[in-house]
Amino acid sequence: MPDDSLHLPLIHDVLERLKATPGALLPVLHAIQDCVGYIPDAALPEIAHALNLSVAEVRGVISFYHDFRTAPPARHTLRLCRAESCQSRGAEALAAQLREQLGLDDHGTSADGRIALRPVYCLGACACSPALELDGRVHARLTAERLRELVNGCREDAAC
Numbered sequence: 754m755p756d757d758s759l760h761l762p763l764i765h766d767v768l769e770r771l772k773a774t775p776g777a778l779l780p781v782l783h784a785i786q787d788c789v790g791y792i793p794d795a796a797l798p799e800i801a802h803a804l805n806l807s808v809a810e811v812r813g814v815i816s817f818y819h820d821f822r823t824a825p826p827a828r829h830t831l832r833l834c835r836a837e838s839c840q841s842r843g844a845e846a847l848a849a850q851l852r853e854q855l856g857l858d859d860h861g862t863s864a865d866g867r868i869a870l871r872p873v874y875c876l877g878a879c880a881c882s883p884a885l886e887l888d889g890r891v892h893a894r895l896t897a898e899r900l901r902e903l904v905n906g907c908r909e910d911a912a913c
């Protein structure tokens, strides 16, 4: 686990810049995550103090919004669409393949921190289902073979 205190100067800069913003907590959390990649645990008391909130209030907001991370992100994120169109075109079988190939459950991250699996309920590629987003890039009309290639590329850290 990284030393979260290394990020404190950056966090203090964000707080100084945004603490006067009305409803500052969400902008502060987004800014910290954008800069650091996640919200370090060491940041919570700093955020709470700067915004006159309790640590519990800050933690509650972080846990409410699933897009906030409290640990460093995986190097690669696979987001498999599980909406109706993709389900009708085989997404459930692809999800099972992913879970087996990676040894992860939905919302899991590999032990080496390289690959995270996240279900999503629509990527907007319904006409080309099933679809998967890998590191922000959508792959449509996904097949089991292509999915295996994408995962193997991530494991090797090749361009996915």
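Okay, so the sequence shown: first residue is 754 according to the numbering used here, each after it adds one.
Just so you know, even glycine gets a beta-carbon here, dropped at the ideal spot from N, CA and C.
Taking the CB atoms as reference points, tell me whether residue i and residue j lie closer together than 8 Å.
{"i": "alanine 893", "j": "alanine 878", "result": "yes"}
{"i": "tyrosine 791", "j": "proline 825", "result": "yes"}
{"i": "leucine 876", "j": "leucine 851", "result": "no"}
{"i": "valine 808", "j": "proline 798", "result": "yes"}
{"i": "valine 789", "j": "isoleucine 800", "result": "no"}
{"i": "alanine 844", "j": "leucine 833", "result": "yes"}
{"i": "proline 780", "j": "leucine 771", "result": "yes"}
For residue i, collect the residues of the same chain with a Cβ closer than 6 Å to its Cβ; drop the 5 residues on either side in sequence, then sort them by chain order.
{"i": "arginine 828", "result": "Arg867"}
{"i": "alanine 836", "result": "Tyr874 and Cys875"}
Can you tell me the Cβ-Cβ gap for residue i and residue j, rounded? I've got them flagged as a contact below 8 Å.
{"i": "glutamine 854", "j": "valine 904", "result": "5 Å"}
{"i": "leucine 806", "j": "leucine 778", "result": "7 Å"}
Grouping DSSP H, G and I as helix and E and B as strand, with all else coil, what is residue i?
{"i": "alanine 884", "result": "coil"}
{"i": "proline 780", "result": "helix"}
{"i": "leucine 900", "result": "helix"}
{"i": "histidine 892", "result": "strand"}
Does the ligand NAP have even one heavy atom less than 7 Å from the beta-carbon of residue i?
{"i": "alanine 849", "result": "For the structure depicted, the ligand NAP is absent and the ligand set is empty, with no information on it obtainable."}
**Prompt:** Curious, which full-length alpha helix (DSSP H) runs of at least 4 residues does the segment 821-851 contain?
**Reply:** Listed in chain order, the complete alpha helix (DSSP H) runs (minimum 4 residues) inside the segment 821-851 are 837-841.
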